[in-house]
Amino acid sequence: MLFIDLNDFKTVNDSFGHRAGDQLLCEVARRLQAAVRAGDTVARFGGDEFALLCQDGNLETANRTAQRIAAALRRPIDLDGAAVSVQGSIGIAVTEGTMSADDILHAADAAMYAVKTRAAESYTAFPSSA
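Under my numbering, the first residue of the sequence shown is numbered 57, with each subsequent residue one higher.
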């Protein structure tokens, strides 16, 4: 599970308006979908947060996916004639056991917050097992 939070999204809404913010979220969703494998699931979790469920993946697969996502987000997005680049903080949780969906989502969210406290753009993994 990857949990992605767009950094400084509020600045986009404040600078360009909520319509442009909505356009940016739609483009981010398209880029996330393009960055994952067939069978993986991308969902907007709320606000500027997205969750990505990797089927039959491991930590190496999740790290490669996070790298593709970070690269896709760096490409400028046209918002009414202005080129805007976004960055994301990405948390990764991997389980080899039987964790509940809530537990793995919470672990990925915690990993994302750990990233936010130390870097403007990065990703980290909290491998766990139950």
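Ideal Cβ positions, reconstructed from N, Cα and C, are used throughout, including at glycine.
Sequence-distant Cβ neighbours of S141 in its own chain, meaning closer than 8 Å and more than five residues away, are L129, R130, R131, P132 and I133.
The beta-carbon distance between L81 and G147, rounded to whole angstroms, is 19 Å. This is too long to meet the 8 Å contact definition.
The region 80-95 makes no contact with the region 153-172; the number of CB pairs closer than 8 Å stays below 3.
DSSP, reduced to helix, strand and coil, places T154 outside both helices and strands of the structure shown, so it counts as coil. Beta-carbon to beta-carbon, L109 and D96 are separated by about 6 Å, close enough to satisfy the 8 Å threshold. Looking at the backbone, the Cα of A126 and that of A157 are separated by about 24 Å. Taking a 10 Å sphere around the C-beta of G102, we find fewer than 16 other C-beta atoms and assign the residue as exposed. Residue environment: A90 is assigned as exposed (fewer than 16 neighbouring CB atoms within 10 Å of its CB, all protein chains considered). As for any beta strand (DSSP E) of minimum length 3 sitting wholly inside the region 83-121, the runs are 97-102 and 105-109, ordered along the chain.
With fewer than 16 other CB atoms across the displayed protein chains lying within 10 angstroms of its CB, A94 is exposed.
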